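Participant: Take a look at the following structure, please.
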Amino acid sequence: MEQVIVITKWVNHDVINGVPSQTRIIFTSMSQMTVVVDSEKDDIGAFGLDGLEFCRYTRDGNKLTTKINNKDVIGAIEGDTITFTYNDNGVKKNVVFTKIK
Numbered sequence: 005m006e007q008v009i010v011i012t013k014w015v016n017h018d019v020i021n022g023v024p025s026q027t028r029i030i031f032t033s034m035s036q037m038t039v040v041v042d043s044e045k046d047d048i049g050a051f052g053l054d055g056l057e058f059c060r061y062t063r064d065g066n067k068l069t070t071k072i073n074n075k076d077v078i079g080a081i082e083g084d085t086i087t088f089t090y091n092d093n094g095v096k097k098n099v100v101f102t103k104i105k
């Protein structure tokens, strides 16, 4: 059976521009998700995001397609991780999120 992701939360902990960052994704429905950078300052998180963004996504099996911070993003779900891939000024970037239990 296909893994259900609605109402699940995912987190990414990376160091961006030398600053620790935490970005969360919350899948709020079968077609919408919220991406938020948790920060006490105006730090940049995954996808170059510096706040909160509401996104629509489509899903085909374990693949997600969305647009975050004006970037076309593809996600691959594997168990408790989602690896998102996008192109940033000609550079392919990967961002890994783990499911919050």
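Going by the working numbering, 10 is the number at position 6 of the sequence shown; the sequence numbering is gapless.
By construction, the Cβ of each residue, glycine as well, lies at the ideal position given by its N, Cα and C atoms.
Here the structure is a predicted model, which is why all the values come from computation and not from measurement.
How far does the beta strand (DSSP E) with Phe58 in it reach, from first residue to last?
Facilitator: Note, Phe58: beta strand (DSSP E), Leu56 to Asp64.
Participant: Leaving out five residues on either side along the sequence, give the residues of the same chain with a beta carbon under 8 Å from the beta carbon of Cys59.
Facilitator: Excluding positions up to five away in sequence, the list reads Gln36, Met37, Thr38, Val39, Thr70, Lys71 and Ile72.
Participant: In or out: Ser33 buried (at least 16 other Cβ within 10 Å) or exposed?
Facilitator: Exposed.
Participant: Beta carbon of Phe88, beta carbon of Val15: below 8 Å?
Facilitator: Not a contact, by the Cβ cut-off of 8 Å.
Participant: Which class does Gly52 belong to by DSSP, given the choice of helix, strand or coil?
Facilitator: Of the three classes helix, strand and coil, the one that applies to Gly52 here is helix, per DSSP.
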